[in-house]
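So the sequence shown is numbered by the numbering used here: it starts at 6 and just counts up by one. All residues carry an ideal CB built from backbone N, CA and C; glycine is no exception. Predicted model, so just to flag it, every value in this text is computed and none were measured. Heads up, the thing below is written out as structure tokens.
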Amino acid sequence: MNPLMLNAAVKIHKPENSPLISFAKGTPERDQLQEEIKNIRSATNALPLWINGPRFHAEGNLIECRTPHNWNHVLAHAEVATEEDIHRAIQTVLGARPKWAMLPWSMRLSIFQRAAARLLEKKYFIKMSAAVMEDYSK
Numbered sequence: 006m007n008p009l010m011l012n013a014a015v016k017i018h019k020p021e022n023s024p025l026i027s028f029a030k031g032t033p034e035r036d037q038l039q040e041e042i043k044n045i046r047s048a049t050n051a052l053p054l055w056i057n058g059p060r061f062h063a064e065g066n067l068i069e070c071r072t073p074h075n076w077n078h079v080l081a082h083a084e085v086a087t088e089e090d091i092h093r094a095i096q097t098v099l100g101a102r103p104k105w106a107m108l109p110w111s112m113r114l115s116i117f118q119r120a121a122a123r124l125l126e127k128k129y130f131i132k133m134s135a136a137v138m139e140d141y142s143k
């Protein structure tokens, strides 16, 4: 066990909701969202596998990702992992586990609180909103 984890005095920030974005007509956010939806609809994206860092194309099959509201439109082609790809992913995670476990829990928490959540909330908010809307036919 990591001795740094036994005696931690860490302040955990109270969870807060992201600021409300209305997407009302005439707002810059709505214009950005509509532009991003247009971008998504104008291209067929590739969804490769990501295992241990770089993207790669698997030896498996591709599947088509289609929008529920327009079954004729292909949003993306996704790679289907092979059994070998799955085993490689599992080995990668198991290999990273000891190093991750040595980080104090407060550092692991901050990675998710500050890094991942903030990227979705700020940098990629419009892009993710458009992708979810298109995927869910909203």
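*Roughly how many angstroms lie between the CA atoms of serine 134 and leucine 38, to the nearest whole one?*
Position 129 of the sequence shown, counting from 1, holds the residue named residue 134. Position 33 of the sequence shown, counting from 1, holds the residue named residue 38. For serine 134 and leucine 38, the distance between alpha carbons rounds to 8 Å.
*Skipping 5 residues on each side, what residues in its chain have a beta carbon closer than 8 Å to that of arginine 60?*
In the sequence shown, residue 60 corresponds to position 55, counting from 1. Excluding sequence neighbours, arginine 60 sits near Pro53, Leu54.
*Flag this pair as yes or no: are the beta carbons of alanine 122 and isoleucine 45 separated by less than 8 Å?*
As a working mapping, residue 122 is identified with position 117 in the sequence shown. As a working mapping, residue 45 is identified with position 40 in the sequence shown. The answer is no: Cβ separation not under 8 Å.
*asked:* Taking the straight line between their C-alpha atoms, what separation do you get for valine 79 and serine 142?
replied: Taking the sequence shown and counting its residues from 1, one reaches residue 79 at position 74. Taking the sequence shown and counting its residues from 1, one reaches residue 142 at position 137. Near 13 Å, if we compare the C-alpha coordinates of serine 142 and valine 79.
*Rounded C-alpha distance that separates isoleucine 116 from glutamate 21*: Here residue 116 is taken as the residue at index 111 of the sequence shown, counted from 1. Here residue 21 is taken as the residue at index 16 of the sequence shown, counted from 1. Isoleucine 116 and glutamate 21: Cα-Cα distance of roughly 16 Å.
_Suppose the cutoff is 7 Å on Cβ atoms and the five residues either side in sequence are ignored; what does the same chain contact list for glutamate 69 look like?_
In the sequence shown, counting from the first residue as 1, residue 69 sits at position 64. Val79, His82.
*Please specify which runs of the alpha helix (DSSP H), each continuous and at least 4 residues long, are wholly inside the segment 20 to 65, giving them in chain order.*
33 to 47
*Please check the pair alanine 94 and isoleucine 42, which I expect to be a contact at CB under 8 Å, by giving their CB distance rounded to whole angstroms.*
As a working note, residue 94 is residue 89 in the sequence shown. As a working note, residue 42 is residue 37 in the sequence shown. No, alanine 94 and isoleucine 42 are not in contact; Cβ-Cβ is about 32 Å, not under 8 Å.
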